[in-house]
Amino acid sequence: MCGIAGFCNFHGSVKMQEENLEKMKQRMLHRGPDAGGSYISEDGKVALGHRRLSIVDLSEAGLQPMKSHSGRYVMVYNGEIYNYKKLSQKLLNEKKVERFRGTSDSEVILEAFEAYGVEEAIAQCKGMFAIALYDTKEQKLYLLRDRIGEKPLYYGFMGDTFVFASDVACIASLDGFQNPVHKDVLGIYFIHGYIPAPYSIYENIYKLEPGCILEIKSPFKKYDISTYWSIKEVAQHGQEHLFKGTYEEAVDELERLLKASIQDQMMADVPVGAFLSAGIDSSTVVALMQSLHPDRVKTFTIGMEDEKYNEAVYAKEIAAYLGTEHTELYITEEDARSVIPKIPFIFGEPFADSSQIPTYLVSRMTREHVTVSLSGDGGDELFCGYNSYMSVDRLWNKIRQVPYGIRKLAGELVLHSPLANKETYRVKGTLLGARGASDLYRLSMEREPIIRKIALSKKELPYKYTEYDPEFLRETNHNIMLMDMLMYHPDDILVKVDRTAMAVSLETRVPMLDKDVVEFAWTLPVEFERQNGVGKRILRDVLYRYVPKEMMERPKKGFSIPIRKWLKEKELREWAENLIDRKTLCQQGILNPDVVWKMWTDFIEKDEWRIQIWYVLIFQEWMSYVL
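Just so you know, the sequence shown maps onto residues 23 to 649 in our numbering.
This is the structure:
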């Protein structure tokens with residue numbers, strides 16, 4: 023687990039290149055505090071930088087940038103290849119490699135690139151990764167990102183200099199960086215609270231999408247992007263070729279695949295543990311971990327003083343039942359509030375999922391004991407866990423009975439009548455215009471017109487939800503699950519986990535995102551995933567083989583904090599009102615002061631806009647940080 027950065031065609035002397043590469047590396051020191059290295063090509067056209075968090079092969083043989091045995095390829099790499107031992111044996115058996123210098127997965131994947139070519143090599147890898155590979159012979163740079171999007175990778179142009187990095191702030195730290203704030207993407211940000219790929223907060227800087235390979239060749243003016251693995255294709259193929267066995271056989275297969283994934287992901291030369299939130303997902307991962315581990319697994323959770331947000335007591339019970347070595351930390355409001363000023367540094371661009379705060383705190387506590395932690399992320403999106411999926415399915419089955427033309431007309435009449443002054447009717451009027459279930463899901467997030475007025479820019483950029491074909495999959499729930507796997511999961515959940523953990527130099531691994539687990543999950547019929555209005559049926563039944571059902575049957579509280587309550591208290595209220603000071607907003611010229619202050623007033627007086635106002639405040643906190 024590390025951080026990578028670099029550039030092509032940087033204007034300036036070798037010394038200037040070295041200094042700027044060092045700037046990029048220093049900005050992401052937290053991603054790799056153990057070591058750092060640099061490479062500048064002989065012609066000075068390509069520079070690669072690396073910060074290392076040592077996980078596998080702690081010796082100097084694992085240092086990067088790393089050259090292939092022939093010297094043709096140079097690589098910087100962030101992530102883990104979990105099947106690297108099998109791949110290394112294959113390379114040896116096929117006489118592609120005589121011997122390896124060390125025991126790192128970095129060396130194995132580098133030699134695989136040389137032996138098989140880039141696309142064939144990466145197709146054989148199971149893991150999480152962001153890779154920059156330079157072919158010195160062809161003078162070609164490759165950027166590669168893992169299938170699901172666990173590891174970040176930004177790229178783009180700063181003038182005519184091509185740049186890339188694990189953290190967008192590394193790019194912004196370069197001498198001469200003047201790319202303006204991408205105002206047009208704020209319309210999406212204020213709906214969702216994050217900026218989805220391929221966009222970033224800066225113009226001409228992008229996120230490489232999951233499962234993609236970028237190629238750019240000297241003179242490094244134009245790049246091409248291809249896809250080596252597609253979640254859309256996997257979902258479509260899976261739903262067209264459903265699992266043919268019985269339900270019990272499906273449970274058996276999921277248990278087998280999860281165990282295999284967890285076994286691989288417990289691989290490390292440093293201490294390994296797991297987050298335990300007391301939910302179905304993390305409890306399943308921990309239960310299977312403990313069944314595979316001869317010693318007590320180290321588990322970690324944080325608790326809240328407010329009972330409405332506290333699941334630590336349940337996590338403790340589960341840990342005791344499974345026999346893990348459990349550590350818990352109860353946090354105060356002061357602990358949580360102290361994280362807020364750190365958010366711009368941690369994320370590099372506006373990111374406003376408020377569960378980022380407890381995730382950072384549990385990561386910080388976990389890092390005191392281990393260097394690697396497994397998490398349960400992915401269960402909701404893969405096994406129909408969110409209540410919203412059922413709600414959309416139920417609502418769509420009702421309104422689809424009315425022809426689209428009639429529904430749309432009725433919705434427009436409502437939205438242009440006095441009824442629209444009431445939220446209930448605004449919502450109904452908006453949702454009546456849905457063309458399909460996936461469209462209904464999108465509109466449920468975009469239903470409030472005022473949200474589109476927060477930013478002064480009125481341009482609406484296309485993104486994953488607006489571009490999604492409503493009839494891509496036949497089954498409603500799977501359409502919505504796929505939408506989330508395309509955007510919400512990689513651009514919110516995985517960003518949150520990666521950035522908060524790496525901020526404290528903790529590597530996180532997500533067993534449910536193993537390639538085989540994901541591909542199997544998409545072959546399941548919806549009745550294997552949801553029963554009697556309860557999601558994650560199959561995952562629950564794996565867990566119930568290890569933990570009593572009655573221990574897990576309780577309302578889900580989620581990993582959240584009482585932001586609404588805190589913002590109305592003196593300290594945070596003053597912080598908020600300073601950030602949205604009218605004079606400041608006018609000087610920036612990005613947000614509409616009248617809209618922002620209407621939302622803030624409505625929040626204080628009527629308890630409205632509690633989610634969107636947090637989005638506004640985090641954006642302003644980021645603005646104050648970068649200015």
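Every residue, glycine too, gets a C-beta built ideally from N, C-alpha and C.
Selected residue, minimal CA-CA separation from K605, among K159, V539, L483 and V618: V618
Beta-carbon gap between V384 and I302 smaller than 8 angstroms: no
The region 374-391 touching the region 270-279, judged by at least three CB pairs closer than 8 angstroms: no
Other residues of its chain near I227: CB distance less than 7 angstroms, five sequence neighbours each side excluded: Y176, G178, V190, I193 and N201
Separation of E434 from L441, as counted between CA atoms: 11 angstroms
Residue burial classification, L103 (beta-carbon count within 10 angstroms, cutoff 16): Position check: residue 103 holds Ile in this sequence, whereas Leu was assumed. By the neighbour-count rule (16 or more Cβ atoms within 10 Å), I103 is buried.
E237 (DSSP reduced to helix, strand or coil): strand
R576 in three-state terms, based on DSSP: coil
Three-state secondary structure assigned by DSSP to R448: helix
DSSP three-state assignment for R167, whether helix, strand or coil: strand
S248 classed as buried or exposed, judged by whether at least 16 other C-beta atoms fall within 10 angstroms: exposed
Closest residue to A341 among R359, D357 and F297 (Cα-Cα distance): F297
Unbroken stretches of the alpha helix (DSSP H), 4 residues or longer, contained in the region 488-566: 498-508, 516-524, 537-543, 548-551 and 559-565
Check whether I295 and F265 have beta carbons under 8 angstroms apart: For the record, residue 295 in the displayed sequence is Gly; it is not Ile. No, these two residues do not count as a Cβ contact at 8 angstroms.
Supposed contact pair E327 and W644 - C-beta distance, whole angstroms, cut 8 angstroms: Contact doesn't hold; Cβ gap of about 29 angstroms is too wide.
Cβ separation of D399 and M621, assumed to be a contact under 8 angstroms, to the nearest whole Å: Not really, about 31 angstroms apart at Cβ, beyond 8 angstroms.
Continuous beta strand (DSSP E) stretch holding M326: start and end: K320 to M326
Exposed unless 16 or more other CB atoms sit within 10 angstroms - verdict on A219: buried
Sequence ranges, beta strand (DSSP E) only - wholly within the region 150-208, length at least 3: 162-167, 176-180 and 183-187
Anticipated Cβ contact below 8 angstroms, E529 with V394, distance rounded: 5 angstroms
Alpha carbon of I210 to alpha carbon of R121, nearest angstrom: 50 angstroms
Cut-off 6 angstroms between Cβ atoms - residues of its own chain near F32, not counting five sequence neighbours on either side: Q39 and T183
Given 8 angstroms, three or more beta-carbon pairs between the region 344-354 and the region 492-504: no
Terminal residues of the beta strand (DSSP E) in which M97 lies: Y95 to I103
Residues that Y352 bridges to, as DSSP identifies them: G325
Cβ pair count under 8 angstroms reaching 3, the region 160-173 against the region 241-259: yes
6 angstroms CB neighbourhood of Y630 in its chain, flanking five on each side removed: Contrary to the premise, residue 630 reads as Glu rather than Tyr in this sequence. Within the same chain, E630 has close Cβ partners D624.
8 angstroms Cβ cutoff met for I640 and I217: no
Three-state class that DSSP yields for D286 in the structure shown: helix
Inter-residue spacing [alpha-carbon to alpha-carbon] between A282 and V130: 21 angstroms
For F405, the three-state DSSP class (helix, strand or coil): coil
D375, enclosing beta strand (DSSP E) - first and last residue: It is not in any beta strand (DSSP E) - D375 carries neither H nor E in the DSSP assignment.
Where A342 falls: helix, strand or coil (DSSP): helix
A145 burial status per 10 Å Cβ neighbour count (16 or more: buried): exposed
C-alpha gap between Y447 and L437, whole angstroms: 8 angstroms
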